[in-house]
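First up is the structure itself, then whatever we jot down about it.
Number of protein chains: 2
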Amino acid sequence: MKVKNSRLDAIRLILSTQEIGSQEELLNELAKEGFKLTQATLSRDLHQLRVVKSVGVQGRYRYVLTRPHQYRHEGTEGEMRPVSPVQEANGFLSIKFSGNIAVIHTKPSYASTLAYHIDNYEFPEIIGTIAGDDTVMLIIAEEASRGAVLRALRTIIPNI
Amino acid sequence: MKVKNSRLDAIRLILSTQEIGSQEELLNELAKEGFKLTQATLSRDLHQLRVVKSVGVQGRYRYVLTRPHQYRHEGTEGEMRPVSPVQEANGFLSIKFSGNIAVIHTKPSYASTLAYHIDNYEFPEIIGTIAGDDTVMLIIAEEASRGAVLRALRTIIPNI
DNA sequence: TTCATAATTGTATATTTATTCTTGCGAGCT
DNA sequence: AGCTCGCAAGAATAAATATACAATTATGAA
């Protein structure tokens, strides 16, 4: 849906520039931008964006974005995201799983850069990485399935 | 007050080892540990600890600690432990568990020093470590609980 | 197109969380 | 001792947020 995506964008914009302390407040800001929706929908949007209600400077509550970058899980919509340079040349060769560990093999010297980008996304499915020269080890969250890990990584490694 | 501080400690311990999705749930866990309090008090505790309700891997809500660093507001108790240089600057940021592995994130370049110190102690709970630039992975002994690991690490990382 | 399926949303409501108001307690003071 | 100040906490309640359900709308396959 076109409406929803631009609304999510608007939410991100607002939250990154203003101090919003409640959903109702955010609802008002969105209304100013011409978005008409209910608190229920907003709650769902925030959940999807993984926005959290945090505690700001004066002890006041504040909604904050947690993701450096957005990644859409299952592209319900075609929605061609722009492709970053990382995706162009990530050196990815293979991935294998064992227990709660995944091992990615890369071309020589690519591992640490790839790990850096994975870390950056702070996928909840991946609690940490460690890299050698051509190998990245991922520790997978206990609740995460391998499919979920692959989907998450696809943001960075489309050719996975 | 002594009670409150140990309760805050307990909250941190619980949140760092379990998936807690509501205050009531946390209240139950605290009850198991012998803490008796109401939701109102817990809400205030969480606010003080700047715990946020976030979204975990399965789309489930989860309370997470935002500040790995401990801060006691009022030095109610003198308790001035001598602080070693390691403790001064260990670069510790966060710790997460999955299976028998713990992942510690540190400030850039701190990981190997921290791992070195952990190795040095030869904690029976930790059978080995491996470090990158800002990540230390710990392999946990089969018999060791996560609480035990945290307690052990507290020797080196008081702000854990 | 038409049907089936999945996604989006609102309404109403349940659930959850924050806060107001009050009491009790202990430290430090005179 | 009595007094005050400030923190801690519970009870009750307000406020905020999540969700079950139903209706609508989009998407895709044949």
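So the sequence lines, in the order shown, correspond to chains A and B.
Just so we're aligned: the first sequence equals residues 1 to 160 in the numbering used here.
Just so we're aligned: the second sequence equals residues 1 to 160 in the numbering used here.
Built from N, CA and C at the ideal position, the CB exists for glycine as well.
Measuring alpha carbon to alpha carbon, tell me which of B/Thr113, B/Ala141 and B/Asp134 ends up nearest B/Gly99.
Cα-wise, what sits closest to B/Gly99 is B/Ala141.
B/Lys96 to A/Ile118, Cα distance in whole Å?
Each residue's CA atom was taken as its position, placing B/Lys96 and A/Ile118 some 16 Å apart.
Of the residues B/Arg154, B/Pro124, B/Gly132 and B/Thr155, which one's Cα is nearest the Cα of B/Ala144?
The residue from B/Arg154, B/Pro124, B/Gly132 and B/Thr155 with its alpha-carbon nearest to that of B/Ala144 is B/Pro124.
Does B/Val149 pass the burial test, meaning 16 or more other C-beta atoms within 10 Å, or should it be called exposed?
Looking at its Cβ environment, which holds 16 or more other Cβ atoms inside 10 Å, B/Val149 is buried.
Does B/Ala144 come out as helix, strand or coil in the three-state DSSP assignment?
Residue state, collapsed to three classes: coil.
How is the beta strand (DSSP E) around A/Ser54 delimited, first residue to last?
Val52 to Val55 is the extent of the beta strand (DSSP E) around A/Ser54.
Cut-off 7 Å between Cβ atoms - residues of its own chain near A/His105, not counting five sequence neighbours on either side:
Setting aside the 5 residues that flank it on each side, A/His105 is surrounded in the same chain by Leu93, Ser94, Asp134 and Thr135, each with a C-beta closer than 7 Å to its C-beta; the list follows chain order.
Chain A contact for B/Tyr71 (CB, 8 Å cutoff):
In this predicted model, B/Tyr71 has a pLDDT of only 35, less than 50, meaning its place in the structure is not dependable enough to derive any value.
Within 10 Å of its beta-carbon, does B/Arg7 have 16 or more other beta-carbons around it, so buried, or fewer, so exposed?
Sixteen is the threshold: when 16 or more other Cβ atoms of the shown chains lie within 10 Å of the Cβ of B/Arg7, as they do, the residue is buried.
Would you identify the three-state DSSP class for A/Ile174, choosing helix, strand or coil?
As shown, chain A starts at 1 and ends at 160. That puts residue 174 of chain A outside it, with no answer to give.
Any chain A beta carbon closer than 8 Å to B/Val3
It does not; no Cβ of chain A falls within 8 Å.
What does the Cβ neighbour count give for A/Leu13, buried or exposed, with the cut at 16 atoms within 10 Å?
If you draw a 10 Å sphere on the C-beta of A/Leu13, you find fewer than 16 other C-beta atoms in it, and that means exposed.
First through last residue of the beta strand (DSSP E) which encompasses B/Ser94
Start and end: Phe92 to Ser98.
Chain-ordered residues of the stretch 39-64 of chain A with a beta carbon less than 7 Å from chain B
Going along the stretch 39-64 of chain A in chain order, one finds His47, Arg50, Val52, Lys53, Ser54 and Val55 with a Cβ nearer than 7 Å to chain B.
Which stretch, first to last residue, makes up the beta strand (DSSP E) that contains B/Arg44?
No beta strand (DSSP E) holds B/Arg44; the alpha helix (DSSP H) holding it covers Gln39 to Leu49.
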